[in-house]
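Novice: Per full-length UniProt numbering, the sequence shown starts with residue 1, numbered consecutively.
Glycine included, each C-beta is placed from N, C-alpha and C at the ideal position.
Questions regarding the structure given below will be posed in turn.
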Amino acid sequence: MLMTAALVIFIVTPLVALLLWRWHHFSYFKRIGIPGPKPSIIWGNIREYHSMAHYKIVEKWFQQYGDIFGFFNGDVPFVVLKDLDFIEYICVRNFQNFTDRGVLMTLEENHPILGRALKHERSPRWKRIRSSLAQGFSGAKLKQIIPQLEEEVTQFIAYLEKDANTGEVNLQVKYEELTMNYVARSLFGISERFLGKHDHPLVTTAKAAFRGVTKGPFHMIAQSTTMFQPFMKPFYWITFALGEFTFQALTDETARIVDLRRKDESARRPDMLQNLLEARYTEVEGGPHAANGENVTRKHRPLTAEEVAVNATIFFTAGFESLATSLCYVTFFLAKYQDVQEKVREEVLNAVSSSVSKAVSLDALATSSKNIPLRGTSYSLYDA
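Below is the structure:
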């Protein structure tokens, strides 16, 4: 009897402590006075968050709880707000304090290869990787691909003329084909043309890669147990072996191109991938005061094949999705607001002979289109 009681206490006490710990964790927003949907002690709000398109559920919560609310993506707290001034305060004026993102994709962040992507890195390595990748986007290097972009635009206009008098046209499909032309040629030097080929394997793979992340039971379990990460390593290993990572297939293909470029000089192309291969990464070594710049040694090396491959894949998919979406919104605004359309048309005609940077209205329109919330994200305060 005594042994039974001791066994019950041994099992029940840690379980009760765990439940109290989780309850305290999920009462965070309530304690600080931020409204939001009531979280489950197991899943947080992740099941409701994935019950419909993210922008729809976020808009639903805005209507229920106001312009600022909190929810739990698994067991990770997110604050969602509409205050543009506060967003600027975090993302621009105090960006140095918010370089780390919150936990968005637990499985990908712990993946041995996908975890090397810029979006999963943490400070200070994030800053050094970002500086290295930025070398591939200098003004001089971007000018090298401008003729390619102009050629794509000319072909796209001719392509649209065929549909000009046929009634309504789904421009999202057309823009996805155009942006695939852009990113495939400027990033990888691919000469394939995708106009009129919306079912092309590369288009469908790119769409699946971006839209397939943070989906499935493995992600739900991992995202709901981030506070137990040290104990979840075996689960991650099993998931890496059994799970399907939508970015992995594209990353593997990119890795083969990277390997070919490094072995064969004749395979070099004037594209972004070649710029990344030529970029340099700065490793900082030093003692306990290295963070303050004291007694540090800096070594420069090329980015590894894995770093190039995984980040090129991120640029490929993100560029494909974001550019196509932005073009859709810009077109929508131009069609809806005729006065803005006429003003933009006049500025573009005047700027073509001088500088596109003078097209103030077009720049403002493009910026406004990017402010439309597509999906929430979070930032972590960097603890220096």
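#1: Tell me which residue opens and which closes the beta strand (DSSP E) that residue 385 is part of.
#2: Using only the alpha-carbon positions, how far apart do L202 and L15 sit?
#3: With L276 and L242 assumed to form a contact (beta carbons below 8 angstroms), what rounded beta-carbon distance in angstroms separates them?
#4: On the DSSP bridge list, what partners appear for N73?
#5: Considering only the beta carbon of each residue, do G102 and D75 sit closer than 8 angstroms?
#6: Less than 8 angstroms between the C-beta atoms of A351 and L187, yes or no?
#7: At which residues does the alpha helix (DSSP H) containing A134 begin and terminate?
#8: Judging by CA-CA distance, which residue of N97, L114, T297 and A140 is the nearest neighbour of S123?
#9: DSSP on P201, reduced to helix/strand/coil?
#10: Near V308, which residues of its chain fall below 7 angstroms by C-beta distance, leaving aside the five closest residues on each side in sequence?
#11: Helix, strand or coil, according to DSSP, for L81 in the structure here?
#12: So L118 and L133 are in contact, right, with Cβ under 8 angstroms, and what is the actual spacing, rounded?
#13: With distance defined between alpha-carbon atoms, name the residue in I46, E253 and I34 nearest to A305.
#14: What did DSSP end up calling S378 once you bin it into helix, strand or coil?
#15: So if DSSP puts Y281 in a beta bridge, which residue, or which two residues, is it bridged to?
#16: Would you list the one or two residues that DSSP bridges to I68?
#17: Less than 8 angstroms between the CB atoms is what I'm expecting for P37 and F78, so what's the real figure, rounded?
#18: May I ask whether a heavy atom of the ligand MN can be found less than 7 angstroms away from the beta carbon of P37?
#19: In whole angstroms, what is the alpha-carbon distance linking I32 and R185?
#20: Between A324 and Q172, is the Cβ-Cβ spacing less than 8 angstroms?
#21: Hey, how far is the Cα of E321 from the Cα of A5?
#22: Would the segment 18–35 count as touching the segment 55–70 if we require 3 or more Cβ pairs under 8 angstroms?
#23: Flag this pair as yes or no: are the beta carbons of T251 and V330 separated by less than 8 angstroms?
#24: What does the alpha-carbon distance come out to for the pair M3 and A17?
#25: What residues in its chain sit with their C-beta under 8 angstroms from that of Y49, if we drop five residues either side in the sequence?
#26: Residue range of the alpha helix (DSSP H) that V258 falls in?
#27: Of all the options K30, P147, L84 and H120, which has the alpha carbon lying nearest to the alpha carbon of D271?
#28: Helix or strand or just coil, what does DSSP make of G319?
#29: Along the alpha helix (DSSP H) that carries S186, what are the first and last residues, could you check?
#30: Whole-angstrom Cβ separation of M105 and T214, contact assumed at under 8 angstroms?
#31: Grouping DSSP H, G and I as helix and E and B as strand, with all else coil, what is H111?
#32: Is it buried or exposed, P230, if we count other Cβ atoms within 10 angstroms and call 16 or more buried?
#33: Rounded to whole angstroms, what's the CA-CA distance from K127 to F240? Just pull it up for me.
Specialist: According to the structure shown:
#1: For the chain, the structure presents residues 1 to 384; residue 385 sits outside this window and is missing.
#2: Between L202 and L15, the C-alpha separation is close to 49 angstroms.
#3: So it is not a contact: roughly 31 angstroms between Cβ atoms.
#4: G44 and V76
#5: no
#6: no
#7: R125 to A134
#8: Ranking the options by Cα distance to S123, first place goes to N97.
#9: helix
#10: V258, L276 and L277
#11: Secondary structure of L81 (DSSP, three-state): strand.
#12: 6 angstroms
#13: E253
#14: A caution first: S378 carries a pLDDT of 48, below 50, which makes its placement in the model unreliable, though a value can still be read off. Note: S378 maps to coil in three-state DSSP.
#15: R301.
#16: Beta-bridge pairing links I68 to L81.
#17: Contact between P37 and F78 does not hold, since the beta-carbon distance rounds to 11 angstroms and is not under 8 angstroms.
#18: Looking at this structure, you won't find the ligand MN or any other ligand, since it has none at all.
#19: 50 angstroms
#20: Contact flag set, yes.
#21: 59 angstroms
#22: yes
#23: Result no, Cβ atoms of T251 and V330 do not sit closer than 8 angstroms.
#24: Taking C-alpha positions only, M3 is separated from A17 by approximately 21 angstroms.
#25: I57, F71 and N73
#26: T246 to K263
#27: P147
#28: helix
#29: L171 to F188
#30: 6 angstroms
#31: In this structure, DSSP gives H111 a state outside helix and strand, which the three-state scheme calls coil.
#32: exposed
#33: 27 angstroms
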